[in-house]
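The structure appears below as C-alpha coordinates.
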Amino acid sequence: MMERRRPAFIRRRLNSFGYAFKGIAAAFRSEINLRWHVLSAGAVVAVGFYVGLSKIEWALVCFSIGLVWMAELFNTAIEVVVNLVSPGHHLLAGKAKDIAAGAVLVASITASLVGLLVFFPYLGALFQK
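Per my numbering, the sequence shown starts with residue 957, numbered consecutively.
What follows is the structure, given as C-alpha coordinates:
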(Lines of atoms letter the chains of each structure in order from A and count residues from 1; the text may use other names and numbers.)
(Lines give C-alpha, C1' and ligand atoms only; values in the text may rest on other atoms or scores of the structure.)
Protein backbone atom coordinates (compact mmCIF):
# COMPACT_ATOMS: atom_id res chain seq x y z
CA MET A 1 0.00 0.00 0.00
CA MET A 2 2.86 2.39 0.79
CA GLU A 3 4.26 2.05 -2.73
CA ARG A 4 1.07 3.44 -4.27
CA ARG A 5 1.01 6.45 -1.96
CA ARG A 6 4.59 7.47 -2.62
CA PRO A 7 4.16 8.28 -6.34
CA ALA A 8 1.03 10.30 -5.56
CA PHE A 9 2.92 12.20 -2.85
CA ILE A 10 5.79 12.95 -5.24
CA ARG A 11 3.38 13.93 -8.01
CA ARG A 12 1.60 16.38 -5.67
CA ARG A 13 4.93 17.93 -4.65
CA LEU A 14 5.96 18.30 -8.29
CA ASN A 15 2.56 19.82 -9.09
CA SER A 16 3.08 22.38 -6.33
CA PHE A 17 6.33 23.48 -8.00
CA GLY A 18 4.43 23.79 -11.26
CA TYR A 19 1.81 26.01 -9.63
CA ALA A 20 4.55 28.17 -8.11
CA PHE A 21 6.29 28.64 -11.47
CA LYS A 22 2.90 29.37 -13.05
CA GLY A 23 2.37 32.11 -10.46
CA ILE A 24 5.80 33.62 -11.06
CA ALA A 25 5.19 33.60 -14.82
CA ALA A 26 1.77 35.23 -14.40
CA ALA A 27 3.26 37.96 -12.23
CA PHE A 28 6.11 38.48 -14.70
CA ARG A 29 3.63 38.89 -17.56
CA SER A 30 1.36 41.31 -15.70
CA GLU A 31 3.70 43.36 -13.52
CA ILE A 32 6.08 45.83 -15.16
CA ASN A 33 7.85 46.37 -11.84
CA LEU A 34 8.73 42.68 -11.57
CA ARG A 35 10.16 42.78 -15.10
CA TRP A 36 12.21 45.81 -14.06
CA HIS A 37 13.51 43.92 -11.00
CA VAL A 38 14.45 40.91 -13.16
CA LEU A 39 16.26 43.16 -15.65
CA SER A 40 18.08 44.94 -12.82
CA ALA A 41 19.06 41.63 -11.25
CA GLY A 42 20.48 40.47 -14.58
CA ALA A 43 22.63 43.59 -14.79
CA VAL A 44 23.82 43.14 -11.19
CA VAL A 45 24.72 39.49 -11.84
CA ALA A 46 26.62 40.44 -15.01
CA VAL A 47 28.61 43.11 -13.14
CA GLY A 48 29.18 40.62 -10.31
CA PHE A 49 30.78 38.15 -12.73
CA TYR A 50 32.81 40.95 -14.30
CA VAL A 51 34.29 42.16 -11.01
CA GLY A 52 34.66 38.66 -9.53
CA LEU A 53 32.59 38.78 -6.37
CA SER A 54 33.57 36.57 -3.44
CA LYS A 55 31.26 33.80 -2.19
CA ILE A 56 30.04 35.97 0.68
CA GLU A 57 29.40 38.88 -1.68
CA TRP A 58 27.46 36.58 -4.03
CA ALA A 59 25.42 35.34 -1.07
CA LEU A 60 24.54 38.92 -0.11
CA VAL A 61 23.67 39.85 -3.69
CA CYS A 62 21.58 36.71 -4.27
CA PHE A 63 19.76 37.18 -0.97
CA SER A 64 19.02 40.80 -1.87
CA ILE A 65 17.71 39.86 -5.31
CA GLY A 66 15.52 37.17 -3.79
CA LEU A 67 14.25 39.57 -1.14
CA VAL A 68 13.13 42.10 -3.74
CA TRP A 69 11.53 39.49 -6.01
CA MET A 70 9.75 37.93 -3.04
CA ALA A 71 8.44 41.31 -1.89
CA GLU A 72 7.23 42.11 -5.41
CA LEU A 73 5.47 38.74 -5.70
CA PHE A 74 3.78 39.21 -2.31
CA ASN A 75 2.78 42.73 -3.34
CA THR A 76 1.27 41.40 -6.56
CA ALA A 77 -0.61 38.66 -4.71
CA ILE A 78 -1.99 41.14 -2.18
CA GLU A 79 -3.09 43.51 -4.94
CA VAL A 80 -4.88 40.69 -6.78
CA VAL A 81 -6.71 39.55 -3.63
CA VAL A 82 -7.64 43.11 -2.67
CA ASN A 83 -8.97 43.75 -6.17
CA LEU A 84 -10.99 40.54 -5.95
CA VAL A 85 -12.64 41.29 -2.62
CA SER A 86 -12.91 45.05 -3.09
CA PRO A 87 -13.29 45.91 -6.78
CA GLY A 88 -14.50 49.40 -5.96
CA HIS A 89 -12.46 52.07 -4.23
CA HIS A 90 -12.23 51.48 -0.50
CA LEU A 91 -9.99 53.25 1.99
CA LEU A 92 -8.80 50.02 3.65
CA ALA A 93 -8.18 48.33 0.29
CA GLY A 94 -5.99 51.25 -0.71
CA LYS A 95 -4.19 51.11 2.62
CA ALA A 96 -3.43 47.39 2.18
CA LYS A 97 -2.05 48.02 -1.30
CA ASP A 98 0.04 50.96 -0.09
CA ILE A 99 1.52 48.91 2.75
CA ALA A 100 2.39 46.07 0.37
CA ALA A 101 4.03 48.56 -2.00
CA GLY A 102 5.92 49.98 0.98
CA ALA A 103 7.32 46.50 1.67
CA VAL A 104 8.68 46.40 -1.88
CA LEU A 105 10.24 49.82 -1.37
CA VAL A 106 11.92 48.71 1.87
CA ALA A 107 13.25 45.56 0.17
CA SER A 108 14.52 47.60 -2.79
CA ILE A 109 16.26 50.16 -0.58
CA THR A 110 17.84 47.34 1.43
CA ALA A 111 19.05 45.66 -1.76
CA SER A 112 20.42 48.97 -3.03
CA LEU A 113 22.38 49.50 0.18
CA VAL A 114 23.78 45.97 -0.02
CA GLY A 115 24.69 46.64 -3.65
CA LEU A 116 26.51 49.84 -2.73
CA LEU A 117 28.42 48.12 0.07
CA VAL A 118 29.38 45.17 -2.15
CA PHE A 119 30.12 46.95 -5.44
CA PHE A 120 31.51 50.31 -4.31
CA PRO A 121 35.06 49.02 -3.67
CA TYR A 122 35.14 47.29 -7.08
CA LEU A 123 33.77 50.27 -8.95
CA GLY A 124 36.13 52.61 -7.12
CA ALA A 125 39.08 50.45 -8.18
CA LEU A 126 37.87 50.44 -11.80
CA PHE A 127 37.65 54.23 -11.96
CA GLN A 128 41.09 54.71 -10.41
CA LYS A 129 42.82 52.87 -13.25
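Every residue, glycine too, gets a C-beta built ideally from N, C-alpha and C.
Are residue i and residue j touching if we call contact CB-CB under 8 Å?
i     : j     : result
G1022 : W1014 : no
V1000 : V1017 : yes
V1070 : S996  : no
A1056 : F1030 : yes
A981  : L990  : no
Give the straight-line distance between the Cα atoms of residue i and residue j, rounded to the nearest whole angstrom.
i     : j     : result
R968  : K978  : 15 Å
L1082 : V1074 : 14 Å
T1032 : P963  : 33 Å
Y1006 : D1054 : 37 Å
G1050 : G1008 : 43 Å
V1041 : F973  : 27 Å
M957  : I966  : Its pLDDT being 48, under 50, M957 is placed unreliably by the model, and the measurement read from it follows with that caveat. Each residue's alpha carbon lies about 15 Å from the other.
S1064 : G998  : 15 Å
S1010 : L1079 : 15 Å
A1002 : L1072 : 15 Å
S986  : Q1084 : 42 Å
P1077 : V1038 : 43 Å
A976  : I988  : 19 Å
P1043 : N971  : 31 Å
Between the options, which lies nearest to residue i when the distance is taken from Cα to Cα?
i     : options                  : result
T1066 : A981, S972, A1027, P1077 : A1027
L1061 : N971, H993, H1045, A1002 : H993
G1058 : Y975, L970, E1035        : E1035
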